[in-house]
Each structure stands twice: as C-alpha cells, then as structure tokens.
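In order, the protein sequence lines correspond to chains A and B. If you read the first sequence in UniProt numbering, its first letter stands for residue 1, the second for the next number, and so on. If you read the second sequence in UniProt numbering, its first letter stands for residue 1, the second for the next number, and so on. Yeah, the Cβ is synthetic: ideal placement off N, Cα and C, and Gly gets one too.
2 protein chains.
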Amino acid sequence: MNKTIYDVAREAGVSMATVSRVLNGTAVVKDETKAKVQAAIEKLAYRPNAVARGLASKRTKTIGVILPDVSDLFHAEVLRGIEDIATMYQYHIILTNSDAREEREIDLIGTMWEKQVDGLIFISEQITKEIVKTFEQAQLPVVLCATEDPEGRIPSVSIDNESAAFDAAQFFLSKGISSIAFIGGPTSHRVTMERRSGYERALSAAGQPLQDTLILHAPDMKYEGGLDTVDRFLQAGHRAEAVVAASDELALSYLNAIRDRGGNAPDDVLLIGFDNTRLSKMVRPDLTTVAQPTYDLGAVSMRLLTKLLNDEPIDDYTVRLPHSIIERASTDRG
Amino acid sequence: MNKTIYDVAREAGVSMATVSRVLNGTAVVKDETKAKVQAAIEKLAYRPNAVARGLASKRTKTIGVILPDVSDLFHAEVLRGIEDIATMYQYHIILTNSDAREEREIDLIGTMWEKQVDGLIFISEQITKEIVKTFEQAQLPVVLCATEDPEGRIPSVSIDNESAAFDAAQFFLSKGISSIAFIGGPTSHRVTMERRSGYERALSAAGQPLQDTLILHAPDMKYEGGLDTVDRFLQAGHRAEAVVAASDELALSYLNAIRDRGGNAPDDVLLIGFDNTRLSKMVRPDLTTVAQPTYDLGAVSMRLLTKLLNDEPIDDYTVRLPHSIIERASTDRG
DNA sequence: ATGAAAGCGCTAACAA
DNA sequence: TTGTTAGCGCTTTCAT
Chain A
1 MNKTIYDVAR EAGVSMATVS RVLNGTAVVK DETKAKVQAA IEKLAYRPNA
51 VARGLASKRT KTIGVILPDV SDLFHAEVLR GIEDIATMYQ YHIILTNSDA
101 REEREIDLIG TMWEKQVDGL IFISEQITKE IVKTFEQAQL PVVLCATEDP
151 EGRIPSVSID NESAAFDAAQ FFLSKGISSI AFIGGPTSHR VTMERRSGYE
201 RALSAAGQPL QDTLILHAPD MKYEGGLDTV DRFLQAGHRA EAVVAASDEL
251 ALSYLNAIRD RGGNAPDDVL LIGFDNTRLS KMVRPDLTTV AQPTYDLGAV
301 SMRLLTKLLN DEPIDDYTVR LPHSIIERAS TDRG
Chain B
1 MNKTIYDVAR EAGVSMATVS RVLNGTAVVK DETKAKVQAA IEKLAYRPNA
51 VARGLASKRT KTIGVILPDV SDLFHAEVLR GIEDIATMYQ YHIILTNSDA
101 REEREIDLIG TMWEKQVDGL IFISEQITKE IVKTFEQAQL PVVLCATEDP
151 EGRIPSVSID NESAAFDAAQ FFLSKGISSI AFIGGPTSHR VTMERRSGYE
201 RALSAAGQPL QDTLILHAPD MKYEGGLDTV DRFLQAGHRA EAVVAASDEL
251 ALSYLNAIRD RGGNAPDDVL LIGFDNTRLS KMVRPDLTTV AQPTYDLGAV
301 SMRLLTKLLN DEPIDDYTVR LPHSIIERAS TDRG
C-alpha cells in the first residue's frame, strides 16, 4: 500500500500535479483524464499520505481535544458530539486526558502544536491566565467547551451555569422549601462556583440566609468523592430538605448516602442533579436534573471551530446553549 | 512559534544535523555543543514539527483507536487505559467511533493508514474476514481489545468470556436456582455469543434444559434498548428467578423493569451484571457483577502494541486477563 | 563529533 | 487544461 502519487501519475500517463488536482478538486481537469486518473487510483488501491499532505499544505485536518478525563460520563458524551461533527467535516481527533492539572494542560497544548493540529477544543475546570497565554503563543484556533474564559477573549460554548443553578434552587423555593443544600466540586472549579453563585442568588432573593454548613464541596464532580463528602455531612448530624447538586453523580452520592442510612428520595430529601447524563434516567428514583445539552455542547463546539478554521462569518463567539429542568421521581412526592 | 530546526542551528552556530541529534539523542554530541543547542532551543521556544518528523522518519508516534462508541461507559474506561499507557510511551491517539458498523470500520482502517498511524487498537463486536483482510492490506500492527479473532491470527487482549459467563451461571446454580435467564446484545455480537455459550454450558452441565424464552437479545449492550427487551419479556408473562446479563447496563434494564412493576432485587429476582463498570456500584441495590478489568484491557492492549512496534519479545499474542465475580446486594438475600 | 545533502510524499505557485 | 519545479521541516546516510 506504499504507493505514491508518482505511481498513480505514471499508471495514468499524466503528471503528478494532475493527480493531485483530481484528488483535491483544486482545479478543473478534463473528464477524460480525470477518469484515467481515477482508474489508476482504483487499480493501485492508492491512498494519499496525509502526513505528507499535511506538511505540504500546512493543514492536517486534525483537531486536538484536551479534556480532564474521558472515562467521566459527561466528557465522554461531549466527546461523542465533537467527534460526530468532526467526522462530518472530515476532521480527525487527537485525544488527550489532562486530569484537569494545569501544568499538564499547558504541556499538552504544546504537544498539540507539535502535532500541527488545525485547531483545539479545550475542556477544563478553570481557564487560567497561564493557559490563555499558552493558547496565544501556540497561535491555535481554540474553542472552550463547557466552560468560559472569564475575560471572554476565547470563543466558547457552554450553558449559563449561574442562572441554571438559580433555576434549580428556585424550583425548590417555589415549593416553600427552606433548607436547601448545595453540593459541587472543589472551589477551584469554575463551573462549580458559577452554579454555587446561582444557588446563593436564588436563596438571597428569597430572603433566606446562606448557611455555610449546607454548602458542600467534594474533591471532584464524581460519585465516589461525593459519597465521602455527604457521609461526613450526615455524620455530623446535618440534614437538608432538598439538594441542588452540580452533577448527576453528586446527586447520586447524596441519594445513596441517605439510602444507606435507611432513607430515600423523594421521601426524606428532594434531589436535583445536573447534566441530564444517561445515569439520571438509569437510577431509581430517576433524578430530576438540570438538562445540559451534553452532546450538543461538543457538537456545537466543533461546528464553531470549523467556522473559525474556514473563516466563515460568526455571529457569536460566546455561545450559550439553553438549559432546562427535567422533572423526574427524585423531586416528586406525588 | 513557527521556527524551524534551521533557526535553532543558526542561533547555536551548528548545523541542523547536530540539532536533530540532540533532539533525538541519535548520536553522541559533545556536551559543550549540546548545551549551546539546548540554549538556542530554549531561547527560541522551539518545538519540532511532528508532521515533518513523521514524513521523514516514517513513524508518527500516533496510534489509531477504533471503537463502537466512546459515550458507552465500558469503552470510555478502556480508552482511558489505552491513553494512559500511550502517554507513558509518548504516543498520541487518534480516536474514531465506528458505531460497530463493519462498512465504517473498514473505511476507518483505511483513513488510519492515510494518517500514517504506527499501529491500531481495534474494539468491535465482531471480527469478520473482511476486516482481517483490511488489516492485512493496510499492513498495520493491530491489537484487538476486548474481542478476539476467531482464527487467532491477530494479537488480542480480552477475558475468557465463555468461562466468565459459565461462572456467573454456576454462581446461581450452586444456590439451587433453576430458572435462570440470560440477556445480551444481538446475536451478531461475538462477545454476547461467547457469554451465552458459557451460560448454556453451565445449565447443560447441571442437567437443566435450555429454554428459548429465557434467552433475551437486546439491540445492543446498553440500558435503553435492554429496557424495551425486558419489558416485552415481562409483558408476555415470563419471569426468571435469576438473570445473567452480559453487561451492567442490561442488568440494570432488568432491575428497573422489575422495579417499575413494583418489584425489586434481590427479593423478586437475583441479578448479575458484567464488566464492573462504575455504574454497578452507583445503583441501589448495587450490582453483583463479573468484573472485567476494564481499564487494564485498554492498558494491556496498548502495552502489547508498543511491544509489537518496537519488536520486543512477546510471550503471548493472545492475552487473557482474569475475571472474577464481585458479590453485591443484587444477589444477596441475607 | 559534526556537516552537507538527499530525500520523505505531497501541495501550490508558475509556466506553457 | 496540464506539466515543471520548488519547497514544507524534518531524518538519515555519507563524508569529513
């Protein structure tokens, strides 16, 4: 299979430039010669070498994706969205996990440059100055996915996390519930803090005092760490009537911690999760959740990146996708 | 950042060949000149262009991963294992989803060749002749992950699915249970059929007749499709005392179908899942499951591939990782 | 221990 | 409409 464009040219009795033209459609080629070339390609089972092409054209048709952890359900769903649109536009994806460590993220941006990716989709917990600087040095088109740059300098696709959490808290407040807890990731996690802000704004607007003990920060957004965090909370004798969780997994942590003590939702606590991952439908009681269009977050990010890469006109560099609350059994007392 | 190796050479007052040597450590360079070169690299913030390097050396330090669907928990965990080991050996990953469609898989193998990947990790539902042929044409080192080639021609890493399912069925049989159902993916799914074989062998060995109605095939290994399949089964009035499911998600389908009818496990049915995904610990009752070392499946596959790529001696081209049954609440009647 | 020079397989001017 | 030719930025002989 190590044929070159020269072999095809010879076989078809034309010059390599002509072969290149029919391959890329970059210029008009007489139908007759085009047919000859295609026949030669077919006969030799020729496949163009994308690396050589990338070197010559300075475009690799490859985009880099940097995210904390693929084995996280949310990221995996986002990634699937990215990949589908990338395929649609003939791009390939180089994937790397950063574990949300800034040092590693910065390093990865560099190696993505080495790989000559045409662009980058970046998912992280926080966009630091250091990272923005690295983007600029690398001169790579970047789209932030599921986060925003605080300064708004970098194109991004996300939801309005603050108001989404506001809505979630409001959902409970409108039922006359007063003891509402919040559980999120670490305080360094931008999305967690945005959601916490929304939660706090809703409570304040309702004239409720904020209680520190009702604000929980787990080590990350995942189930396992959340379970410990909630366990300690309950162990200390604290209780909440309702919980706004910053991820479905964290909502599940609360649910199971309660359950393992003989309680359940919605009887002993009302739960609202975040993200509408498949998980939220798979547990019983199924979880009320703030639906984030997970797949679309990835798909729209990738679409935005293709626009950036092709200099297509762009309406909005900061895209906010809609969110909504999906009511299920975890908040339904009938 | 678009400096070349020539810029570095000029800055350091040496030839480009020398720069290449210190970059790759391919030959001895005097400490003094090495230092000069490194200073120049530092000063210019030079990064080698991996595409040019790939063209010249014919090795891209990139491997392709073709799998059905990243948003599937099992695949995402495997992928994480692949990625970690790849990083360790300085490889990057080009990821593509095949949706388990053979036509697309064959096409993807071709585009992976175009991308000049050094090797391939392939995860699929079935390894057809057509696919094996494509591997051979592409002349790519391949490792099959979580499946095997029926002919054993292609290196692979998996568990012994047949005996794992045998063990699962045996687990129930040893408790004196006779009405044991099996639920898996479609009959075209190789892993499903291997597991079904194990299940059937166990029943036969125990002198139990196989009942067709107790063998369920869902459209895939995921929760949603399984739910429909189980619903129809229960709707038809069928019941089982215990269920061997070919994935944790399918076990969950059965659990929720029963639950939505007011039943539960382990009271009304005993459930054993497959894969020990995080999911199995996140639901209540938590699922007894046949633990497949998911992450390791990916990690070991990637390690095997690096051996293939570096002509390291290989003990075994068909690696079978150990499985085990992890007992949890879904089979525990106390 | 270092340099000169020939490719790797393609794209993209520039000619014709 | 087609061919010629010069790179793209590196690795890798082959000299020295």
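Using the Cα positions of residue i and residue j, report the straight-line distance between them to the nearest angstrom.
i, j, result
"ALA290 (chain B)", "GLY64 (chain B)", "For clarity, residue 290 (chain B) is Val in the given sequence; the question names Ala instead. Their Cα atoms are separated by approximately 29 Å."
"LEU304 (chain A)", "GLY185 (chain B)", "36 Å"
"ALA218 (chain B)", "ALA181 (chain A)", "40 Å"
"GLU194 (chain A)", "LEU321 (chain A)", "16 Å"
"ALA242 (chain A)", "GLN211 (chain A)", "14 Å"
"ALA164 (chain B)", "ALA206 (chain B)", "16 Å"
"PHE274 (chain A)", "LEU95 (chain A)", "25 Å"
"ALA202 (chain B)", "LYS175 (chain B)", "13 Å"
"residue 338 (chain A)", "SER179 (chain A)", "The requested residue 338 (chain A) does not occur in the structure, where chain A is confined to residues 1 to 334."
"ALA27 (chain A)", "GLY298 (chain B)", "45 Å"
"GLU83 (chain B)", "ILE177 (chain A)", "46 Å"
"VAL132 (chain A)", "GLU103 (chain A)", "13 Å"
"LEU79 (chain A)", "ASP99 (chain A)", "15 Å"
"ARG259 (chain A)", "CYS145 (chain B)", "37 Å"
"VAL143 (chain B)", "TYR199 (chain A)", "49 Å"
"HIS75 (chain B)", "GLU130 (chain B)", "23 Å"
"ASN97 (chain B)", "HIS238 (chain B)", "36 Å"
Please classify residue i: is it buried, with 16 or more other beta-carbons within 10 angstroms of its beta-carbon, or exposed?
i, result
"MET88 (chain B)", "exposed"
"residue 340 (chain A)", "Here chain A has residues from 1 to 334 only, and residue 340 (chain A) is not among them."
"GLU249 (chain B)", "buried"
"SER124 (chain A)", "buried"
"GLN90 (chain A)", "exposed"
"residue 339 (chain B)", "Because chain B here runs from 1 to 334, residue 339 (chain B) falls outside it and cannot be looked at."
"LYS30 (chain B)", "exposed"
"GLN292 (chain B)", "buried"
"SER57 (chain A)", "exposed"
"PRO209 (chain B)", "exposed"
"ALA265 (chain A)", "buried"
"SER188 (chain A)", "exposed"
"THR213 (chain B)", "exposed"
"ASP118 (chain A)", "buried"
"ASP316 (chain A)", "exposed"
"ILE314 (chain B)", "exposed"
"GLN235 (chain A)", "exposed"
"GLY81 (chain B)", "buried"
"ARG196 (chain B)", "buried"
Could you give the C-beta distance for residue i and residue j, rounded to a whole number, given that I count them as a contact under 8 Å?
i, j, result
"GLN137 (chain B)", "VAL51 (chain A)", "Not a contact, Cβ separation roughly 19 Å."
"ILE5 (chain B)", "SER20 (chain B)", "6 Å"
"LEU252 (chain A)", "TYR223 (chain A)", "6 Å"
"SER71 (chain A)", "GLU77 (chain B)", "5 Å"
"ARG278 (chain A)", "LEU108 (chain A)", "No, ARG278 (chain A) and LEU108 (chain A) are not in contact; Cβ-Cβ is about 28 Å, not under 8 Å."
"LEU287 (chain A)", "ARG333 (chain A)", "Not really, about 15 Å apart at Cβ, beyond 8 Å."
Between the options, which lies nearest to residue i when the distance is taken from Cα to Cα?
i, options, result
"GLU114 (chain B)", "A:ASP315, A:ARG278, A:SER71, A:PRO48", "A:PRO48"
"ASN256 (chain B)", "A:ILE272, A:GLY262, A:ARG239, A:LYS281", "A:LYS281"
"GLY152 (chain B)", "B:THR318, B:HIS323, B:VAL142, B:ARG333", "B:THR318"
"ASP311 (chain B)", "B:ARG259, B:PRO141, B:VAL19, B:LYS129", "B:PRO141"
"ILE121 (chain B)", "B:LYS129, B:GLU130, B:PHE135", "B:PHE135"
"VAL269 (chain B)", "B:VAL230, B:ALA39, B:ALA27", "B:VAL230"
"ARG53 (chain B)", "B:THR288, B:ALA329, B:ASN24, B:VAL14", "B:ASN24"
"HIS323 (chain A)", "A:VAL157, A:SER188, A:ASP69", "A:VAL157"
"TYR46 (chain B)", "B:THR62, B:THR60, B:GLU11", "B:GLU11"
"SER330 (chain A)", "A:VAL244, A:VAL14, A:ILE215, A:LYS34", "A:VAL244"
"ASP7 (chain A)", "A:LEU44, A:ALA146, A:LYS36", "A:LEU44"
"ILE66 (chain B)", "A:ASP149, A:HIS92, A:LYS307", "A:HIS92"
"ILE326 (chain A)", "A:HIS238, A:PHE171, A:ARG261", "A:PHE171"
Quick check: does the Cβ of residue i come within less than 6 Å of any heavy atom belonging to the ligand COA?
i, result
"LYS61 (chain B)", "Ligands in the displayed structure: none, and consequently the ligand COA is not present."
Discussion item. Counting only Cβ-Cβ distances shorter than 8 Å, please list the residues of the UniProt domain "HTH lacI-type" (3–57) of chain A near chain B, keeping chain order.
Written reply: ALA45, ARG47, PRO48, ASN49, ALA50, VAL51, ALA52, GLY54, LEU55
Fill in: Residues in the region 275–293 of chain A having any Cβ partner in chain B nearer than 9 Å
So the list reads ARG278, LEU279, LYS281, MET282, VAL283, ARG284, ASP286, given in the order they occur along the chain.
Practice prompt. Select from the region 80–107 of chain B all residues with a C-beta closer than 8 Å to any C-beta belonging to chain A, and list them in chain order.
Written response: ARG80, GLU83, ASP84, THR87, HIS92, ILE93, ILE94, LEU95, THR96, ASN97
Practice prompt. Using a Cβ-Cβ cut-off of less than 7 Å, list which residues of the region 251–266 of chain A approach chain B; keep chain order.
Written response: LEU252, ASN256, ARG259
Worksheet entry | Contacting positions in the region 177–200 of chain A - beta carbon closer than 8 Å to chain B | none
Practice prompt. Give, in chain order, every residue of the region 114–144 of chain B whose Cβ lies closer than 8 Å to some Cβ of chain A.
Written response: GLU114, LYS115, GLN116, GLN137, ALA138, GLN139
Practice prompt. May I ask you to list, following chain order, the residues of the region 158–176 of chain B that have a beta carbon less than 8 Å from some beta carbon of chain A?
Written response: Listed in sequence order: no entries.
Discussion item. Counting only Cβ-Cβ distances shorter than 7 Å, please list the residues of the region 211–237 of chain B near chain A, keeping chain order.
Written reply: TYR223
Worksheet entry | Residues of the region 296–312 of chain A whose Cβ lies closer than 9 Å to any Cβ of chain B, in chain order | none
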